[in-house]
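*Asks:*
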Amino acid sequence: MNTKSFLKCEQEKVDRLKKLQLPHLYRKIGIAIAAVTFILLFVNAFTINNLDYRLAIKYGMLVGLLLVSISKEKIEDELIANLRMQSYTFAFIVCVAYTIVQPFINYAVDYFVDAEKAMVKDTGDFVILFILLCVQVFYFELLKRLHR
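So this is what it looks like as structure tokens:
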């Protein structure tokens, strides 16, 4: 296998991954999953208060948001694809900025409340993924509405 055929094969794989999207039906399923898990999160917090349930519910919410994020629109054209990429870019930048700044904000608040117990804490994986997906979904919806 020569270099050109290897690069062509890799390019085809990347092109297939770029077009990886679920049918529009999965958007509705994702919204339903996200809504149900959001409600279950409050039910668990105020009644059961089980940490295992809370973890499962939180990751279920991430699955629902991911389904919304990667599902197609009813009419998927070049404008929608461009808006989707803009929303992914914006969500990535917001999430990185949040991940860098938030530990220092938490430290400053902890320092003013109780200086002895103040320490820089890492942002959790759920928070990062949740912000990333929420910002992408909401910003994509905003961009779609602005371009109508």
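Final position of the sequence shown in the numbering used here is 209; the numbers increase by one with none missing. Backbone N, C-alpha and C fix where the C-beta goes; we use that ideal spot for every residue, glycine too.
Do you know how far the Cα of E139 is from the Cα of I154?
*Replies:* What you label residue 154 is simply residue 93 of the sequence shown in a count that begins at 1. What you label residue 139 is simply residue 78 of the sequence shown in a count that begins at 1. Roughly 23 Å between the two C-alpha positions.
*Asks:* Have a look at C156 and I192 and give me their C-alpha separation to the nearest angstrom.
*Replies:* If you number the sequence shown from 1, residue 156 lands on position 95. If you number the sequence shown from 1, residue 192 lands on position 131. Distance between the alpha carbons of C156 and I192 is about 6 Å.
*Asks:* Closer than 8 Å is the cut-off here; do at least three beta carbon pairs connect the region 90-108 with the region 62-74?
*Replies:* no
*Asks:* For V75 and L81, I'd like the C-alpha separation in whole angstroms.
*Replies:* In the sequence shown, residue 75 corresponds to position 14, counting from 1. In the sequence shown, residue 81 corresponds to position 20, counting from 1. Cα to Cα, V75 sits roughly 10 Å from L81.
*Asks:* Excluding the 5 residues preceding and the 5 following A93 in the sequence, name in chain order all residues of the same chain whose CB lies nearer than 8 Å to its CB.
*Replies:* Your numbering for residue 93 matches position 32 in the sequence shown. Taken in chain order, the residues that qualify are G125.
*Asks:* Rounding to the nearest angstrom, what Cα-Cα distance links I90 and V129 in this structure?
*Replies:* Counted from its first residue, the sequence shown places residue 90 at position 29. Counted from its first residue, the sequence shown places residue 129 at position 68. If I take the Cα positions, the gap works out to 8 Å.
*Asks:* Where does V170 land, buried or exposed, given buried means 16+ other C-beta within 10 angstroms?
*Replies:* Along the sequence shown, one-based indexing puts residue 170 at 109. Looking at its Cβ environment, which holds fewer than 16 other Cβ atoms inside 10 Å, V170 is exposed.
*Asks:* May I ask you to report which of helix, strand or coil DSSP gives L81?
*Replies:* Here residue 81 refers to the residue found at position 20 of the sequence shown. Collapsing the DSSP output to three states places L81 in coil.
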